[in-house]
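In order, the protein sequences belong to chains S and P. Counting in my numbering, the first sequence tops out at residue 1305, every number present. Counting in my numbering, the second sequence tops out at residue 351, every number present. A virtual CB, placed ideally from N, CA and C, is assigned to each residue, including glycine. In this text, all values refer to a predicted model and were calculated from it rather than measured experimentally. One structure below.
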Amino acid sequence: MSKKNGKNGALLQVNDLVMHFPIYRGVIRRQVGAVRAVDGVSFDVKRGETLGLVGESGCGKTTTGRTILQLYRPTAGSVVFDGVDLVALKGEQLRKMRRKMQMIFQDPYASLNPRMTVGEIVGEPLEVHHVSKGKATRERVRELLSVVKMNPSFSDRYPHEFSGGQRQRIGVARALALNPSLIICDEPISALDVSIQAQVVNLLEELQAKFNLTYLFIAHDLSMVRHISDRVAVMYLGVIMELADRNEIYENPLHPYTQALLSAIPIPDPVVDAKRKRTILKGDVPSPANPPSGCRFRTRCPIAEALCAEERPEFRELKPGHFVACHFADQFVQ
Amino acid sequence: MAEPLLNVKDLETTFKTPDGVIHAVNGVSFALKEGETLGVVGESGCGKSVTMLSVLGLIPSPPGTIAAGEVFFSGQDLLDMSNEELRHVRGALISMIFQDPMTSLNPVMTIGKQLQEPLMLHLGMNKKESRNRAAELLAMVGIPNAEDRLDDYPHQFSGGMRQRVMIAMALSCNPQILIADEPTTALDVTIQAQIMDLVKRLRDELGMSIIWITHDLGVVAGLAQRVLVMYAGYIIEEALVKELYANPEHPYTIGLLGSLPRVDEKGRHELYSIEGLPPVMYAKADSCPFAPRCKWVKPKCREQNPPLLKVGPNHTVACWVDTKTNKLRQ
């Protein structure tokens, strides 16, 4: 897949990314197994697009984001960003690349240092990367704060003086400080109230248009992902199950998991909601330390057959641009 | 007309804080009919949970005080009851499930013991009876191998399973009213769908009334018959569920519905966002509490807090302005 799309302007190419966290037990801390958080994930993100990465908690979406940034060093696979394989880089070289990719975190309360002023927080990346110092940094901070629609005079205040939505704006300003081309948004709005979510999402969309940003938008809220993304990838237990354009995946989901996931979302309209056919999945997500053989989803899948336990389904292109990892997805193609 | 099962009148709850007295609930009145599911919607800090905790006498005091109001439940005022009397109501006649199934179960007690406790306390069952009943309850909420799992501890259950246990516990004494405080917020969507399905099934089987507190307008749409929208400790709109979603009248409700992206929506439009933040109520409002964030604000809104005005047979709204005509209501 990467080879096919690699040339048409992909900023980020993730190939067979694997991230296993070892489990140690016993007195001598012997490795007894591994949590297979990400287990062979491939996708690419084109310049200027938003790729939504959705899945339930524990499916490995956050780990994928962090592994791309090399905050975890992957067990296997490659992450090609702007033509450079990040996995091969170390030290100073990697630090230089990190300028171009930033992250916005889920929890606006935990991701800002309570002992630093807003000015110090937003200016820190500039100082760390020796982009600017002193007065120039302060100038840039003021500019960044006004970009995220906050009063520039707030730079002397501390994070506790702000609400969740304002804190998330500070996080966005910090991410923008070094003029990155890729921002990984790790559930940036799930800790916020509904009316505040819309403010932050609108801001993110506006900034994308203004600075030609590329987003990897990680979330569990499928309605919001549909709203913000150009393409959407659905993850389950460390594996991407389906990837397609946003309208395509929501209107013609080919994977039984995507179908169930979509039908589980409540729609804020009692008339529409009453008419919908719902697929309710049985059971819970299995443990990634001991995933099912073959297809990861087979234990909860309504159409699973014997083959699903034996063979891991290939991630194949069933329709142009529409990839799915399921042995029996052909029946859903219209 | 039948007497409502629960009738709350002019409830006011305040909290003393170092910064001053916070008025969390400011004269809330509502009624719950028998067999009805009532949705209570609002953002964090709007007073929805505090209202329900006040009803059950679960407000920690100090710092909390129920400053005024009456809560009638089968002819008795719950607020006049002693703690002893209230304890017989809580759990047995009105029960509550909370948002976080992680922290609302005792981690050092087996699930079985926790389920048996209310059965022995309220229904006077002995050990054996209560254990059998506990196994039945677990099976009822769809936990496989219920009998064996009674001896497990909460950490051996997943989040969805724990919430099922909480529901089993809440329903153990066949309560007349179940108050659910954001029970699915901490769960994934597929698990949320399982739990909602379960609650709907049990509601129809057991015929209980439900008060469902949530910030998710989507959840309420599929579950409730009537909805209250709260803001800054006031009920600002009340309507039947279809009416509310088809015809929201309060600017805040309109904003909330508009700020939700819908999974069944194709086009890409900018989300409606309500600028600003909800207020912290250091005093009761003498003007409309939503006025500073409102697009339709008129001078009168800043002078007088609107009461709930009737705009339809089953629809009341606390707003001076008719948003359709952008004129003051008569």
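Residues that residue i bridges to, as DSSP identifies them
| i | result |
| --- | --- |
| Trp233 (chain P) | P:Gly60, P:Ala201 |
| Leu349 (chain P) | P:Val342 |
| Glu33 (chain P) | P:Asn47, P:Ala89 |
| Arg1287 (chain S) | S:Val1295 |
| His336 (chain P) | P:Ala260, P:Gly333 |
| Gly1023 (chain S) | S:Phe1188, S:Val1203 |
| Leu1153 (chain S) | S:Met1072, S:Thr1185 |
| His991 (chain S) | S:Arg1007 |
| Glu1213 (chain S) | S:Val1205, S:Val1295 |
| Tyr252 (chain P) | P:Tyr255 |
| Met117 (chain P) | P:Ile200 |
| Thr1088 (chain S) | Its beta-bridge partners do not exist; DSSP assigns none. |
| Gln97 (chain P) | P:Phe94 |
| Val1050 (chain S) | S:Val985 |
| Arg247 (chain P) | P:Leu59, P:Leu261 |
Any C-beta of chain P under 8 Å from that of residue i
| i | result |
| --- | --- |
| Tyr1221 (chain S) | yes |
| Val1172 (chain S) | yes |
| Ala1190 (chain S) | no |
| Gln1073 (chain S) | no |
| Ile1238 (chain S) | yes |
| Gln1168 (chain S) | yes |
| Val1243 (chain S) | yes |
| Ser1028 (chain S) | yes |
| Arg1249 (chain S) | yes |
| Asp1306 (chain S) | For residue 1306 (chain S) there is no data in the structure shown, the boundaries of chain S being 972 and 1305. |
| Asn1183 (chain S) | no |
| Val1165 (chain S) | yes |
Interface flag, residue i vs chain S, CB-CB below 8 Å
| i | result |
| --- | --- |
| Thr274 (chain P) | no |
| His271 (chain P) | no |
| Thr38 (chain P) | no |
| Gln120 (chain P) | no |
| Val210 (chain P) | yes |
| His236 (chain P) | yes |
| Glu291 (chain P) | yes |
| Gly243 (chain P) | yes |
| Leu156 (chain P) | Checking the displayed sequence, the identity of residue 156 (chain P) turns out to be Ala instead of Leu. Judged by the 8 Å Cβ criterion, Ala156 (chain P) is not in contact with chain S. |
| Leu249 (chain P) | no |
| Leu298 (chain P) | yes |
| Ser218 (chain P) | The question names Ser, but residue 218 (chain P) is Asp in the sequence shown. Chain S contact via Cβ: present. |
| Gly239 (chain P) | yes |
| Gln184 (chain P) | no |
| Leu277 (chain P) | yes |
| Arg283 (chain P) | yes |
| Gly48 (chain P) | no |
| Gln177 (chain P) | no |
Spatially closest choice to residue i from the options, by CA coordinates
| i | options | result |
| --- | --- | --- |
| Leu227 (chain P) | P:Ala191, P:Pro81, P:Cys322 | P:Ala191 |
| Gln964 (chain S) | S:Pro1159, S:Gln1170, S:Ile1154 | The structure shown has nothing for residue 964 (chain S), since chain S only spans 972 to 1305. |
| Ala113 (chain P) | P:Ala88, P:Pro139, P:Asp121, P:Asn104 | P:Pro139 |
| Ala1008 (chain S) | S:Leu1042, S:Ala1280, S:Pro1262, S:Tyr1129 | S:Pro1262 |
| Phe992 (chain S) | S:Gln1302, S:Gln1002, S:Lys1061 | S:Gln1002 |
| Gln135 (chain P) | P:Ile115, P:Glu286, P:Arg170, P:Ile231 | P:Arg170 |
| Phe36 (chain P) | P:Ser308, P:Ala304, P:Lys331 | P:Ala304 |
| Val129 (chain P) | P:Val241, P:Asp173, P:Val92 | P:Asp173 |
| Gly181 (chain P) | P:Gln197, P:Ser193, P:Ala214 | P:Ala214 |
| Ile132 (chain P) | P:Ser116, P:Gln177, P:Gly96, P:Gln97 | P:Gln177 |
| Met141 (chain P) | P:His109, P:Asn127, P:Ser125, P:Pro165 | P:His109 |
| Ala337 (chain P) | P:Leu26, P:Ile216, P:Glu33, P:Val248 | The amino acid occupying residue 337 (chain P) in the given sequence is Thr; Ala does not appear at that position. Checked all of P:Leu26, P:Ile216, P:Glu33, P:Val248; the closest Cα to Thr337 (chain P) is P:Val248. |
| Asn127 (chain P) | P:Pro175, P:Leu99, P:Ala155 | P:Pro175 |
| Phe1052 (chain S) | S:Met1068, S:Gly1011, S:Glu1098 | S:Met1068 |
| Glu1281 (chain S) | S:Cys1266, S:Ser1126, S:Cys1272 | S:Cys1266 |
The ligand MN heavy atom lying under 7 Å from the CB of residue i
| i | result |
| --- | --- |
| Ala167 (chain P) | Annotation note on the ligand MN: not contained in the displayed structure, which lists no ligands. |
Decide yes or no for the touch test of the stretch 1196-1205 of chain S against the stretch 195-202 of chain P: beta carbon pairs closer than 8 Å, at least 3 of them. Taking a contact to require three or more Cβ pairs closer than 8 Å, the stretch 1196-1205 of chain S and the stretch 195-202 of chain P do not qualify as touching.
Evaluate contact between the stretch 1068-1077 of chain S and the stretch 1146-1158 of chain S, counting only Cβ atoms and requiring at least three cross-stretch pairs below 8 Å. With a cut-off of 8 Å, the stretch 1146-1158 of chain S and the stretch 1068-1077 of chain S count as touching, because enough Cβ pairs lie within range.
Could you please tell me which residues of the stretch 1044-1070 of chain S, in chain order, have their CB closer than 8 Å to any CB of chain P? Residues passing the 8 Å Cβ filter: none.
Cβ pair count under 8 Å reaching 3, the stretch 271-283 of chain P against the stretch 83-95 of chain P: No: the two stretches stay apart, fewer than three of their Cβ pairs being nearer than 8 Å.
Could you please tell me which residues of the stretch 1190-1215 of chain S, in chain order, have their CB closer than 7 Å to any CB of chain P? Cβ contacts with chain P come from His1191, Leu1193, Ser1194, Met1195, Arg1197, His1198.
Are at least three pairs of beta-carbons, each pair with one atom in the stretch 52-65 of chain P and one in the stretch 120-129 of chain P, less than 8 Å apart? Contact fails between the stretch 52-65 of chain P and the stretch 120-129 of chain P, because fewer than three Cβ pairs, one in each stretch, are under 8 Å apart.
Would you list, in chain order, the members of the stretch 1119-1146 of chain S that have their beta-carbon closer than 8 Å to a beta-carbon of chain P? Taking 8 Å as the Cβ-Cβ cut-off against chain P, the residues of the stretch 1119-1146 of chain S that qualify are Ser1134, Gly1136.
Are at least three pairs of beta-carbons, each pair with one atom in the stretch 59-79 of chain P and one in the stretch 233-245 of chain P, less than 8 Å apart? By the Cβ criterion, the stretch 59-79 of chain P is in contact with the stretch 233-245 of chain P, since at least three pairs of Cβ atoms, one from each stretch, lie closer than 8 Å.
Interface residues of the stretch 58-83 of chain P facing chain S [CB-CB below 9 Å]: Cβ contacts with chain S: Glu64, Ser65, Gly66.
Are there three or more Cβ pairs, one per stretch, closer than 8 Å when the stretch 1021-1036 of chain S is compared with the stretch 1176-1190 of chain S? Contact between the stretch 1021-1036 of chain S and the stretch 1176-1190 of chain S is present, because at least three Cβ pairs lie under 8 Å.
What are the residues of the stretch 1258-1287 of chain S that lie near chain P, defined by any Cβ-Cβ distance shorter than 7 Å? Those residues of the stretch 1258-1287 of chain S that come within reach of chain P (Cβ to Cβ, closer than 7 Å) do not exist; the list is empty.
Using 8 Å as the cut-off, can you tell me whether the stretch 36-54 of chain P makes contact with the stretch 1239-1258 of chain S, which would need three or more C-beta pairs spanning the two stretches below that distance? Remark: fewer than three beta-carbon pairs, one from each stretch, lie closer than 8 Å, so the stretch 36-54 of chain P and the stretch 1239-1258 of chain S are not flagged as touching.
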